[in-house]
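Residue numbers (our numbering), protein chains in the order written: chain A, 1 to 293; chain B, 294 to 586. Data block below; observations after.
There are 2 protein chains.
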Amino acid sequence: MSSTQTVSNTTAPTQFLQVNGHSYAYRRFGNGSGRPLLFLQHFTGTLDNWDPAVTDPLASGREVILFDNAGLGRSSGEVPPTVAAMGRHPMAFLEALGIEKCDVLGYSLGGMVALQMVQDRPSIFRRMILVGTAPRGGEDIMHLEKPSLTKRIQDPTNRGYDVLRKIFFTASPSSQAAGEAFVRRLSKRKDDLEPVSGPKVANAQMAAFRDWEQFEGERFAELRGIRHPALVVNGVGDEMIPVSNSYRLGENLANAVLITYPDAGHGSLFQYPESFTRHAAAFLSSDFESAAF
Amino acid sequence: MSSTQTVSNTTAPTQFLQVNGHSYAYRRFGNGSGRPLLFLQHFTGTLDNWDPAVTDPLASGREVILFDNAGLGRSSGEVPPTVAAMGRHPMAFLEALGIEKCDVLGYSLGGMVALQMVQDRPSIFRRMILVGTAPRGGEDIMHLEKPSLTKRIQDPTNRGYDVLRKIFFTASPSSQAAGEAFVRRLSKRKDDLEPVSGPKVANAQMAAFRDWEQFEGERFAELRGIRHPALVVNGVGDEMIPVSNSYRLGENLANAVLITYPDAGHGSLFQYPESFTRHAAAFLSSDFESAAF
Chain A
1 MSSTQTVSNT
11 TAPTQFLQVN
21 GHSYAYRRFG
31 NGSGRPLLFL
41 QHFTGTLDNW
51 DPAVTDPLAS
61 GREVILFDNA
71 GLGRSSGEVP
81 PTVAAMGRHP
91 MAFLEALGIE
101 KCDVLGYSLG
111 GMVALQMVQD
121 RPSIFRRMIL
131 VGTAPRGGED
141 IMHLEKPSLT
151 KRIQDPTNRG
161 YDVLRKIFFT
171 ASPSSQAAGE
181 AFVRRLSKRK
191 DDLEPVSGPK
201 VANAQMAAFR
211 DWEQFEGERF
221 AELRGIRHPA
231 LVVNGVGDEM
241 IPVSNSYRLG
251 ENLANAVLIT
261 YPDAGHGSLF
271 QYPESFTRHA
281 AAFLSSDFES
291 AAF
Chain B
294 MSSTQTVSNT
304 TAPTQFLQVN
314 GHSYAYRRFG
324 NGSGRPLLFL
334 QHFTGTLDNW
344 DPAVTDPLAS
354 GREVILFDNA
364 GLGRSSGEVP
374 PTVAAMGRHP
384 MAFLEALGIE
394 KCDVLGYSLG
404 GMVALQMVQD
414 RPSIFRRMIL
424 VGTAPRGGED
434 IMHLEKPSLT
444 KRIQDPTNRG
454 YDVLRKIFFT
464 ASPSSQAAGE
474 AFVRRLSKRK
484 DDLEPVSGPK
494 VANAQMAAFR
504 DWEQFEGERF
514 AELRGIRHPA
524 LVVNGVGDEM
534 IPVSNSYRLG
544 ENLANAVLIT
554 YPDAGHGSLF
564 QYPESFTRHA
574 AAFLSSDFES
584 AAF
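In structure tokens form, the structure reads like this:
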């Protein structure tokens, strides 16, 4: 249970935990009096996609635990085609680590997994940070076939992390400059790297998005039962998971503060890491029943 | 130009400034290195409607200037029937005080006046806080004839500030408790009180709301030209000026951070004064070009 001395995702060693025949890749670092903070990652992202400018400041007040879900990076198994099934892996992982309750930062697909987990087992989370994500029944979730996105994703001049600069940030010079800084930070990690996700991962996760857009009964009704303090964050120019989905979270979760950032896309937390981590840390440090911090 | 020693709106003396044949009532207190912060008030509200839990913490880092627009409280003249005309009074007032540039906190109608002022004279404001307000062309602005609002406004058991508790807060026990605390704070001021606004004030301001709902050309286009850092705040349950109007501000102002509060109505800043003033002070203290703080 002890944390390592490493305090950055640039250098934190990847660890492996065997649970029920699965091997889960994760990184765990930082310390402080806060509960551990579980990081749940975006579409096709692995441990290497966590920006040290986001993980490291938060690791100064608590342990952070970055987690590769089944089939991602060096975690074994197949990517499940539903968010419901994706939620079972981090649940088993936390149980095996002996963590009964933690905080969570779910980004994009990871936010959906966090919402699924808290519905399945409300006691698993104390406080939730949900960035660039959507509730079940949300709208226009990850339609990469949209012309505006396809053009950028398929541009052959964009390689590796540069694709993220194009799709996580807006076209403005200041947002693109922030995107370049983000790519430089990710690129600092040189060893113990994760394999890059292929089409099999992408296809299964896409199936999960399509399923997540469906809903039965009253739209968003299940959110009203989630009383956990939540901090919802997005950029107003998110083309991958539009900000309207964050509005619905803020309106329908019983206890959520929403923050939106200007001139920012899907990667708002990477565009404004100082602001984001300052708010996230203040939110996590609060013990109020209300999400207001 | 010197500030008084008073540091609370519970005790700050009302002052009067004569400008172009008008007499404007105002209160000015606090000190610190920040620019003065001009407070522009809500529908029918006067100097006495500013919650000391909001004004006083902000007055510890700067002078705050509470202002009665023409025809309100003990300011002379008639309430103009358009926001455009309402903007000219604080402009003349600031000029007479010798303040070339200040920060502004515009609440509800006051936020509309602030938006009008910054369009008419961009140099007048450094940073803007816009709470529970709407852009020109916004939707469902102050339709007090809605059955849900009429019932509460006309309930004879609600007297004086209790009406505000009913319409600025949600029906939840915690929001109503916050509303009671708000009313207690306003009621602490015993002397040097403002006259309560009558139907003449209300009717002129209502005409201004109806005009503000109208727009010509591309909706919200004028907001994109406002590059001032802005902090937009609202409660997700605002029935007087729905939160969708704050979404449009966050999306269309060039440089705005939006914060929404859970289980809160029009009076979110009075429901969560510690959180609101903490964020407002951090936002005002920033010198970044970006609104992100």
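Yeah, the Cβ is synthetic: ideal placement off N, Cα and C, and Gly gets one too.
In angstroms with no decimal places, state the Cα-to-Cα distance between V201/A and N545/B. 36 Å
Whose C-alpha, out of T307/B, A523/B, G366/B, is nearest the C-alpha of T260/A? A523/B
Status (buried if at least 16 other CB within 10 Å, exposed otherwise) for F586/B: Answer is buried; the Cβ neighbour count reaches 16.
For a contact defined as C-beta to C-beta under 7 Å, what are the partners of G543/B on chain A? Within 7 Å Cβ-Cβ: V236, T260.
Sorted by chain position, which residues of the same chain lie with C-beta nearer than 6 Å to L72/A's C-beta, five sequence neighbours on each side aside? T46
Return the bridge partner residues of I358/B from the DSSP annotation. Beta-bridge partners assigned by DSSP to I358/B: R321/B, L331/B.
Against chain B, which members of the stretch 151 to 174 of chain A pass a CB distance test of less than 8 Å? Residues of the stretch 151 to 174 of chain A with a C-beta less than 8 Å from any C-beta of chain B: S174, listed in chain order.
Using a Cβ-Cβ cutoff of less than 7 Å, which residues in the same chain neighbour I446/B once the five nearest sequence positions on both sides are dropped? L437, V456, I460
Any idea which residues DSSP pairs T553/B with across the strands? L258/A, N527/B
Any chain C beta carbon closer than 8 Å to Y247/A: Considering every chain present, this structure includes no chain C. Its protein chains are A and B.
Using 8 Å as the limit for Cβ to Cβ distance, is V83/A near chain B? no
Please report the straight-line C-alpha distance between S286/A and F309/B, rounded to a whole angstrom. 43 Å
Short of 7 Å Cβ to Cβ, which residues in the stretch 398 to 432 of chain B face chain A? Residues of the stretch 398 to 432 of chain B with a Cβ closer than 7 Å to any Cβ of chain A: none.
Run through chain A and tell me which residues come within less than 8 Å of V347/B, C-beta to C-beta. Simply none; closest approach about 14 Å.
Could you tell me which chain A residues have their CB closer than 8 Å to the CB of Y319/B, listed as they occur along the chain? Going along chain A, no residue has its Cβ under 8 Å from Y319/B, so there is no contact; the nearest lies around 30 Å.
H320/A versus M240/A - alpha carbon distance: Absent from the model: residue 320/A. The displayed extent of chain A is 1 to 293, so no value can be given.
Does DSSP put Y540/B in a helix, a strand or coil? helix
What residue does the beta strand (DSSP E) around M128/A start on, and which one ends it? It spans 125 to 131 - the beta strand (DSSP E) in which M128/A sits, taken as one unbroken run.
On the three-state DSSP scale, how would you describe Y565/B? coil
Can you give me the start and stop residues for the beta strand (DSSP E) that Q507/B sits inside? Run containing Q507/B: none; DSSP gives neither H nor E here.
Looking at the unbroken beta strand (DSSP E) that takes in D103/A, where does it start and where does it end? 102 to 107
Compute the Euclidean distance between the alpha carbons of K394/B and F418/B, then round it to the nearest angstrom. 5 Å
Count the other CB atoms, across all protein chains shown, that sit within 10 Å of the CB of S75/A; report buried if there are 16 or more and exposed otherwise. By the 16-neighbour rule on beta-carbons within 10 angstroms, S75/A is buried.
Stretch-stretch touch, CB-based, cutoff 8 Å, three pairs: the stretch 478 to 496 of chain B with the stretch 507 to 527 of chain B: With a cut-off of 8 Å, the stretch 507 to 527 of chain B and the stretch 478 to 496 of chain B do not count as touching, because too few Cβ pairs lie within range.
Counting contacts by CB-CB distance shorter than 8 Å, is F576/B in contact with chain A? With 8 Å as the cut-off, F576/B does not count as an interface residue toward chain A.
Range of the contiguous alpha helix (DSSP H) that encloses L479/B: 466 to 480
When the distance is taken between beta carbons, is A221/A closer than 8 Å to V83/A? no
Can you pull the chain A residues whose beta carbon is under 7 Å from the beta carbon of F586/B, in chain order? S275
Quick check: Q469/B and G528/B, are their CB atoms within less than 8 Å of each other? no
Just the Cα atoms here: how many angstroms apart are P81/A and E432/B? 40 Å
Using the beta-carbon of each residue, which ones in chain A are nearer than 8 Å to N313/B? Correct list: empty, because the minimum Cβ distance to chain A is about 37 Å.
Closest to G403/B by C-alpha separation, out of L351/B, F576/B, I422/B, R541/B, would be which residue? Per the Cα distances, I422/B.
Reduced DSSP category for S23/A - H, G, I as helix; E, B as strand; rest coil: DSSP places S23/A in strand when its eight states are reduced to three.
Is any beta-carbon of chain A found at less than 8 Å from that of V526/B? So no, V526/B is outside the interface.
Closer than 8 Å, CB to CB, is S3/A near chain B or not? At S3/A the pLDDT is 45, less than 50, meaning the model places this residue with poor confidence; the figure from the coordinates comes in the next sentence. No, S3/A does not count as interfacial toward chain B.
According to DSSP, F502/B sits in a beta bridge with which residue or residues? Partner(s): none; F502/B has no beta bridge.
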